[in-house]
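Using this note's numbering, read the sequence shown as starting at 26 and increasing by one per residue.
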Amino acid sequence: MKIKHLLWICLLLLTFGCSRKNQPEETLVARVGSEKITFDELEKSLMLNPQYATRMSLRQARESQLKYLIEQRLYFLAAEKVDFEDIPEIAPKLKYIREQETLKAFIEKKFLDRLPVDETEIIRAIAKLNK
26 MKIKHLLWIC
36 LLLLTFGCSR
46 KNQPEETLVA
56 RVGSEKITFD
66 ELEKSLMLNP
76 QYATRMSLRQ
86 ARESQLKYLI
96 EQRLYFLAAE
106 KVDFEDIPEI
116 APKLKYIREQ
126 ETLKAFIEKK
136 FLDRLPVDET
146 EIIRAIAKLN
156 K
């Protein structure tokens, strides 16, 4: 996937994540160990994977996406038990990801919270990504 697409996806996730600060806690649809999956997270994940919408009903698409999210949480919980910081091939990658996430959080806190994003802009950006 191109870096441009990744940046757009990150921006969209930040935008949607920032727009729901004052809303009540989301409906829980699944729990995997200590990890929770909310309906809002399921819908965002489904929106970022629109290939499901054309091949199956919305219910089937949600079930398929939820299964995927549950599998991801299971892998995450298993990966947490391994100390990857001690593996020379992986440690630099983890450091890079940590730095990128820190930078993303800084940008969100410093700038993105101040930018008004029109819903039509978001829809256009998603449509452009799906071409």
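We put the beta carbon where it would ideally sit given N, CA and C, even for glycine.
Proximal residues to residue i (C-beta, below 8 Å), its chain only, five neighbours per side dropped
i	result
I95	A55, V57 and I62
F109	I115, A116 and L119
E105	none
Identified DSSP bridge partners for residue i
i	result
K61	R56
Which of helix, strand or coil DSSP assigns to residue i
i	result
L119	helix
I148	helix
K135	helix
R45	At R45, the pLDDT of 48 sits below 50, so the modelled position is not reliable; the number obtained from the coordinates is stated separately. Coil.
M72	helix
K156	coil
Assigned exposure category for residue i - 16 Cβ within 10 Å defines buried
i	result
L225	Any answer about residue 225 is impossible in this case: the structure gives the chain only from 26 up to 156.
L102	exposed
E83	Looking at the sequence shown, residue 83 is not Glu but Leu. L83 should be labelled exposed.
P53	The displayed chain sequence assigns Leu, not Pro, to residue 53. With fewer than 16 Cβ atoms within 10 Å of its Cβ, L53 is classed as exposed.
Nearest-angstrom Cα separation, counted from residue j out to residue i
i	j	result
D65	E51	6 Å
L119	V107	13 Å
K129	K92	28 Å
E146	Q90	25 Å
P141	K69	20 Å
N155	D143	19 Å
T79	R149	19 Å
L73	A152	11 Å
K134	Q125	14 Å
Other residues of its chain near residue i: CB distance less than 7 Å, five sequence neighbours each side excluded
i	result
C99	For clarity, residue 99 is Leu in the given sequence; the question names Cys instead. Contacts found: V57.
R139	none
P75	N155
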